[in-house]
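First up is the structure itself, then whatever we jot down about it.
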Amino acid sequence: MHLIKHLWEEQHWVVAHKLSTVKNADQIAVVDGGSIAEIGTHDELINKGGPYSRLVKLQKMVSYIDQETDQFRASSAARTSASRLSMSRASPMPLTPGVSKETESYVSPPAPSFSRLLAMNAPEWKQALIGSISALVYGSLQPIYALTIGGMIAAFFVQDHNEMNAIISRYALIFCSLSLVSIAVNLLQHYNFAYMGEHLVRRIRVQVLEKILTFEAAWFDEDTNSSGSLCSRLSDESSLVKTLVADRISLLLQTACGIVIAVTMGLIVAWKLALVMIAVQPCTMICYYAKKIVLSNVSRDLAKAQYESTQIAIEAVYNHRMVTSFGCSSKILQLFEHTQEEPLRKARKKSWVAGITTGLSPCLTFLSWALDFWYGGKLAQSGEISAGDVFKTFFVLVSTGKLIADAGSMTSDLAKGSNAVASVFEVLDRKSISPQNSQMEKDNPKSKIQGRIEFKKVDFAYPTRPQCLILQDFSLDVKAGTSIGLVGRSGCGKSTIIGLIQRFYDVDRGAVRIDGMDVREMNVLWYRGFTALVSQEPAMFSGSVRDNIAFGKPEADEEEIVEAAKAANAHEFISSLKDGYDTDCGEHGIQLSGGQKQRIAIARAIIRNPAILLLDEATSALDAQSEQVVQEALDRIMTGRTTIVVAHRLNTIKNADSIAFLGEGKVIERGTYPQLMNKKGAFFNLATLQK
1 MHLIKHLWEE QHWVVAHKLS TVKNADQIAV VDGGSIAEIG THDELINKGG PYSRLVKLQK
61 MVSYIDQETD QFRASSAART SASRLSMSRA SPMPLTPGVS KETESYVSPP APSFSRLLAM
121 NAPEWKQALI GSISALVYGS LQPIYALTIG GMIAAFFVQD HNEMNAIISR YALIFCSLSL
181 VSIAVNLLQH YNFAYMGEHL VRRIRVQVLE KILTFEAAWF DEDTNSSGSL CSRLSDESSL
241 VKTLVADRIS LLLQTACGIV IAVTMGLIVA WKLALVMIAV QPCTMICYYA KKIVLSNVSR
301 DLAKAQYEST QIAIEAVYNH RMVTSFGCSS KILQLFEHTQ EEPLRKARKK SWVAGITTGL
361 SPCLTFLSWA LDFWYGGKLA QSGEISAGDV FKTFFVLVST GKLIADAGSM TSDLAKGSNA
421 VASVFEVLDR KSISPQNSQM EKDNPKSKIQ GRIEFKKVDF AYPTRPQCLI LQDFSLDVKA
481 GTSIGLVGRS GCGKSTIIGL IQRFYDVDRG AVRIDGMDVR EMNVLWYRGF TALVSQEPAM
541 FSGSVRDNIA FGKPEADEEE IVEAAKAANA HEFISSLKDG YDTDCGEHGI QLSGGQKQRI
601 AIARAIIRNP AILLLDEATS ALDAQSEQVV QEALDRIMTG RTTIVVAHRL NTIKNADSIA
661 FLGEGKVIER GTYPQLMNKK GAFFNLATLQ K
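Listed below in structure tokens is the structure:
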């Protein structure tokens, strides 16, 4: 109460579409064309007979109150609870013959193998062969290079200067040859593996998106299948798969080849020294591996610790207008500094671990080298090997340890890649419950839908809320070419009926029939080609106005697009835009007003020439003037089509052929607008609340 009193004592501004919300304001300003057309109290402006008065008459002061009597609510709750109890005790009702139960548990496919991933790259087998050979050749260059360095150092122990010059010239030629070969095989290796990877990523992204678009709407309702998660599968996980196939295969091949050749060379040149070096080689490998892994883990952990502070910064920048308007910048900075304390504490601990690990790495490496040179010197002193053999064996096998460490450091990347492969194949292996092939379409591809809709004793609950029954023993029959309005309190199932007609979901019991055929037995893509939806928040895509209208019929020409825009009362405002039909709508249609977006959505529905038109509260979010224009367009396109209208504002369905009042998951009343008003039942009470 103190807060309310404080608000009324302060000056406050209210922007409103519904005029009932500003009826008691001290002053009302009517804005038209960027200037104030008139200002005054509600009564003054009504008596004045100006723009405000006309707006009030146009809107008819509609203010829907979503409430029912306690008796009706109690009755609804009691009947629903009783029905659920009886359903839980009764045996399940059989489904329609020939239609499978779609709520059966889904059995996840077995974990995908790496060979299956490579099989997806089968069309690029030539590039795979050339890239693999190049990787093997490049892997052999490292030990040859190390052997050449050892030979070059051994050349300086030769007493004859002419012989020394000849050996140095020979090794210089070998170095030049190795550089040329290295350039050639590196180009071939990386180009061919990159070619493979890019084609694999493209193939995976196309297949995953194509598969996702076939899934039923219930799959998208799950938290794990949010838009962010799905976009990650299309971008990040696909890139990880590419890294696993292209970069990692090449590294593994060249590492394996380098190890085999290096060990062979070492054993041939000085087998005793080689055995000692191979025995202590794990120390060198562990040093390299630990250094890379620890440093990468420290960076990752610090990034995680900074996540909370980053979120605060993102929200503060994104909502900077709200932050500045409330003057809470200092509070944001205080929260930001507080969240930095924990990352700082963790960073101190991690820095000690990183410092000790990186310090031990060169220490153990140098100790192993000392052992190698000491034992090599003993063998050279005893005359078993020459000094040149010591250097050759040392450089060859030391380089091998680095190769193994580099290959071992990618184990975390391999784990990420394996998880990405499993996630990608989980989507590709999932079977959509909506069949995409139908014998009906093959037998009669030119057949059309008339538009009769029948709900036969339907029970339905959303898969994410199976305990909450939305429709219960629901029956409804809509004749082809007629319109019906669906009204009722929020949550009674109006929008659910729209979703069932489009087959976004399948019923638990009963059947939804279109022209006498169960919608579950129809080809869903073919069937949806005869439907069109205009929702309360129309979906706008980044692109031009023309593209958004043509989305309803991609093959439409310019004349069809213009005619659809004219029928939707949109051509005039589109033509007034700077670029006309080429005007960019912006992300989610941000460049357009609500009424403009709604008329473009109507034009998109008109160009489809649907047999079944679905209007889900298409005007409830608009102001009075925009609502009138949009309603005129809707009334025009409803003629001759089966139309389902979900409405809160009852004046939008006065001219419908029939109106169904929903409650308790059933049709409580049905009739024309005059019939229901004369009946003075639930619909009459709702209409009375709105007046």
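For what it's worth, UniProt numbering labels the leading residue of the sequence shown as 1, then goes sequentially. We treat Cβ as the ideally placed atom computed from N, Cα and C, and that holds for glycine.
Annotation for residue 346: the continuous alpha helix (DSSP H) segment containing it runs 329–381.
In this model, residue 601 and residue 666 are separated by some 30 Å (Cα to Cα).
In the three-state scheme derived from DSSP, where H, G and I count as helix and E and B as strand, residue 517 is classed as strand. Within a 10 Å sphere around the beta-carbon of residue 597 sit 16 or more other beta-carbons, which makes this residue buried. Counting C-beta pairs closer than 8 Å gives three or more between the region 127–147 and the region 246–261, which meets the contact rule.
If you draw a straight line from the Cα of residue 390 to the Cα of residue 361, it comes to about 24 Å. DSSP places residue 142 in no beta strand (DSSP E) but in the uninterrupted alpha helix (DSSP H) bounded by 125–155.
The DSSP-derived three-state label of residue 670 is strand. A residue is called buried once 16 or more other Cβ atoms fall within 10 Å of its Cβ, and residue 161, having fewer, is exposed.
In the structure shown, the three-state DSSP call for residue 119 is helix.
Contact between residue 266 and residue 148 fails: their C-beta atoms lie close to 14 Å from each other, not under 8 Å. Contact annotation, residue 487 with residue 659: C-beta distance approximately 6 Å; criterion of less than 8 Å satisfied.
In the DSSP assignment, residue 460 is bridged to 471.
Linking residue 609 to residue 231 through their CA atoms gives a straight-line distance of about 32 Å.
In this chain, residue 206 is not harboured by any beta strand (DSSP E); it is covered by the alpha helix (DSSP H) spanning 161–212.
With 16 or more other Cβ atoms inside 10 Å of its own Cβ, residue 143 counts as buried. Per DSSP, the unbroken alpha helix (DSSP H) holding residue 264 starts and ends at 247–269. By the Cβ criterion, the region 351–369 is not in contact with the region 233–245, since fewer than three pairs of Cβ atoms, one from each stretch, lie closer than 8 Å. The three-state reading of DSSP puts residue 483 in strand, counting E and B together. Note on residue 616: 16 or more other CB atoms within 10 angstroms of its CB, so buried under the neighbour-count rule.
Boundaries of the beta strand (DSSP E) around residue 35: 35–40. In the DSSP assignment, residue 326 falls within the alpha helix (DSSP H) that extends over 320–326.
If you draw a straight line from the Cα of residue 509 to the Cα of residue 44, it comes to about 58 Å.
Straight through space, the alpha carbons of residue 338 and residue 257 are spaced by roughly 53 Å.
The shortest C-alpha to C-alpha distance from residue 194 to any of 221, 115, 241 is the one to 241. Annotation for residue 541: no alpha helix (DSSP H) segment contains it, and DSSP assigns it neither H nor E. In this structure, DSSP gives residue 662 an extended state, which the three-state scheme calls strand.
Rounded to whole angstroms, the gap between the alpha carbons of residue 191 and residue 122 is 17 Å. When Cβ pairs closer than 8 Å are counted between the two stretches, the region 531–548 is seen to touch the region 576–585, the count reaching three or more.
Under the 10 Å beta carbon count, residue 344 is surrounded by fewer than 16 other beta carbons and is classified as exposed.
One Cα belongs to residue 382, the other to residue 272, and the distance between them is close to 13 Å. Annotation: the region 587–625 contains the following complete segments of the alpha helix (DSSP H) (minimum length 4 residues), in chain order: 594–606. If you draw a straight line from the Cα of residue 605 to the Cα of residue 534, it is about 7 Å long. Under the three-state reduction of DSSP output, residue 236 falls in the helix class. The Cβ atoms of residue 151 and residue 171 sit closer than 8 Å to each other. In the three-state DSSP reduction, residue 386 falls in the coil class, being neither helix nor strand.
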